[in-house]
Amino acid sequence: MVEHGLQSVAFPTLDETQIRELAQCTAAAPKLFRDRQTLFAVGERDFKFFIIKSGEVEILDYSGDEPKVLVVHRKGEFTGDISHLTGLPSVVSAIARGDCEVYEISPDRLKRALNQCPGISDIILQAFIARRQLLRESPDFVGLRVIGSRYSQDTFRIRDFLTKNRALFTWVDVETDPQVDRLLKEFGITEADTPVVACGHMLLLRNPSNEKLADAIGIHRPLDHKVYDLLVVGAGPAGLAAAVYAASEGLQTAVLDGTAPGGQAGSSMRIENYLGFPTGITGTDLAGRAILQANKFGARLSVPTAATRLEFQNGYAIVPVNGGEPIAAKCLLIATGAEYRRLDVKGCEQFEGRGVYYAATPAEAKLCQGGQVLVVGGGNSAGQAAVFLAEHVRQVLLLIRGDDLNKNMSSYLVRRIEQTGNIELLRNTTVRQMDGDGHLSSVEIVDSRTGQQRKVETPAVFSFIGASPRTDWLPGEIERDEKGFVRTGATAGQSSHWTAARTPFLLETSRPGVFAAGDVRAGSVKRVASAVGEGAMAVQFVHEYLKQM
Ligand SMILES: Cc1cc2nc3c(=O)[nH]c(=O)nc-3n(C[C@H](O)[C@H](O)[C@H](O)COP(=O)(O)OP(=O)(O)OC[C@H]3O[C@@H](n4cnc5c(N)ncnc54)[C@H](O)[C@@H]3O)c2cc1C
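In case it helps, the working numbering puts the sequence shown at residues 40 to 588.
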């Protein structure tokens, strides 16, 4: 969408009939705000939604060096953005410009209206999504500031965590950014204190853990203490699909994720084989939309909340989590997916976040612009990474262990690689050694057929090899195959742990009422579409199980 089109979607004007319908649907009454009175403030959670009846409301950004008016809402326009659905704190403030009259609507009533008034719901939801996109793309909106070095593992971790959680932030690289000296002076710190996270003129945290950062900026939402119908562990495509279907079908649904919603798909720069997106969609966009959908239907999402164990009490699944109370549910869906294995190369671990990466997104691309990089792996994710990186770096060396790229990669990607001039395919090649002083600077690669070695100067190796299932939190009674993937259906029914008289449902594990979907499941097809399909299907079996309970 062109900028102008996006602006008009972001800031529509409701007509009198639409305003009346929305006011009736939410039982909203007009309310007066005096000049300079605050309607909601940056950082406020569960803030109200306002439709302007008369007068003007300024939307202000306090995150930069000076407060800035982003937009002025007038008669028939409305405030708000996706935070109303995600439950995250507001990123801007709203102040009356002169006396104004508004309809004030609570977030719960707004959510209900979004489900009950489809015509207006479309306009509001599209406006919320477009407003966030405009903020994200605006060169003037600062959001949080992360000040840290490109060579620091913690700076990388913080940026990675904020990116995956779709937080609005600006990275100030202490190695290159001209603002660094001024900012360090303003916050009264030195380079040795970095990485730090700041907002406007306030220094928030010094080198926070992901959990502390999530608490401080309001990303972390703990779950209520009640028994859910369905607890979904893992918010990748499988978990998010299950959440959308379960919540929309009236099940009390909670979803938790140890890092961020989106899973592996969230780090894909272009998913081209998912139905309905002929020009492709980024994993972040797909996940962002799924999160809104799950929230709209009332699913409760909690991040970063990792399941550490699985226990059973009185027929309920009990999931202890990091830093919080255990969560109880009648049914559980294991949707914890898989993650790429570390390269079996000496020194690999010390360069993680400082030259060794497991995703290729703009965040990583920024670190190696113009250089020569290595991508290791022969699957679709390696292919996508190579094509994406080729747009940002001088040259990509794509290393595969075998000699046929077609073996594990879709042919559309193989073709694209062949057509991209700055990707060089190195068959039968592996990484042997990594070197650098603090940050990766060179690797030694070897041709397994000839034994010939070669040293490559590079700031980055992107690894996409052999995904392993994330099942270390599961007890022995959840039967797994020799590689650790969770067995379901008839094979799970053969387990000595299976106690029910019936055979397990197709996606049920060796424990009745516990299901598995997506990449974590033995025999699953490792694709976004199949993970989404399995997540949706699992909900059908949850209904069946609950009926028999
Ligand atoms: C870079 C890349 C590009 C890809 N491109 C494509 C593509 O173009 N087309 C395609 O079809 N497929 C693609 N794939 C594959 C696709 O992304 C996966 O098949 C899909 O994401 C699997 O979904 P899932 O929900 O099963 O698991 P995942 O996506 O792996 O999600 C699992 C989630 O569980 C969370 N989790 C793990 N352990 C715990 C725990 N103990 N507690 C709480 N949460 C936990 C993780 O943080 C993660 O968010 C790509 C994969 C990658 C990595």
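Positions of the beta carbon are idealized from the N, C-alpha and C atoms, including for glycine. From a predicted model like this one, the values you see are computed outputs, not experimental measurements.
The C-beta distance from K150 to K335 rounds to 7 Å, short enough to fall under 8 Å. If you draw a straight line from the Cα of R471 to the Cα of A399, it comes to about 22 Å. For V482, the enclosing beta strand (DSSP E) covers residues H478 to D486.
Distance from the CA atom of A575 to the CA atom of A367, rounded to whole angstroms, is 21 Å.
Taking non-hydrogen atoms of ligand 1 into account, the C-beta of S306 is found less than 7 Å away from one of them.
Boundaries of the beta strand (DSSP E) harbouring F351: E350 to Q352, taken from the DSSP string.
According to DSSP, residue pairing for S93 in a beta bridge involves E140.
The beta-carbon separation of P498 and L406, rounded to 7 Å, stays under the 8 Å limit for a contact. For S122, the enclosing alpha helix (DSSP H) starts and ends at S122 to T125. Residue pairing for P359: DSSP places it in no beta bridge. Measuring C-alpha to C-alpha distances from L464 to each of N445, D474 and G477 identifies N445 as the nearest. As the crow flies, the alpha-carbon of A237 is around 27 Å from that of V395. Between the alpha carbons of Y451 and I310 lies a distance of about 12 Å.
Excluding the 5 residues flanking it on each side, Y355 has same chain C-beta neighbours closer than 7 Å at V266, A367, A368 and K369, in chain order. Taking the CA atoms as reference points, F524 sits about 31 Å from R198. Set against 7 Å, the gap from the CB of S450 to the closest heavy atom of ligand 1 is not smaller. For D558, the shortest separation between its Cβ and any heavy atom of ligand 1 lies below 7 Å. Taking 8 Å as the upper bound for CB-CB distance, Q76 and A135 are in contact here, some 5 Å apart. When rounded, the separation of the alpha-carbon atoms in E496 and F89 is 56 Å. The shortest CA-to-CA distance from V342 to any of R381, V571, G302 and G422 is the one to G302.
The segment 192 to 212 makes contact with the segment 287 to 307; the number of CB pairs closer than 8 Å reaches 3 or more. In this chain, I439 is not harboured by any alpha helix (DSSP H), its DSSP state being neither H nor E. For I462, the enclosing beta strand (DSSP E) begins and ends at I462 to L465. Spatial neighbours of L371 in its own chain (CB-CB distance under 6 Å, excluding positions within 5 residues in sequence) are listed in chain order as L270, A356 and V553. Contact annotation: V111 and E97 have beta-carbon atoms nearer than 8 Å. When only Cα atoms are considered, A374 and F316 end up about 24 Å apart.
The shortest C-alpha to C-alpha distance from R393 to any of K92, S188, P146 and D85 is the one to S188. Under a 10 Å Cβ-count criterion, G441 is classified as exposed, with fewer than 16 other Cβ atoms of the shown protein chains found around its own Cβ.
Apart from sequence neighbours up to five positions away, the residues of its chain that approach E83 with a beta-carbon distance below 7 Å are P128 and S129, ordered along the chain. Counting only residues of its own chain and dropping the five nearest sequence neighbours on each side, P543 has a CB closer than 8 Å to the CB of T527, G528, A529, A531, G532, W537, S549 and P551.
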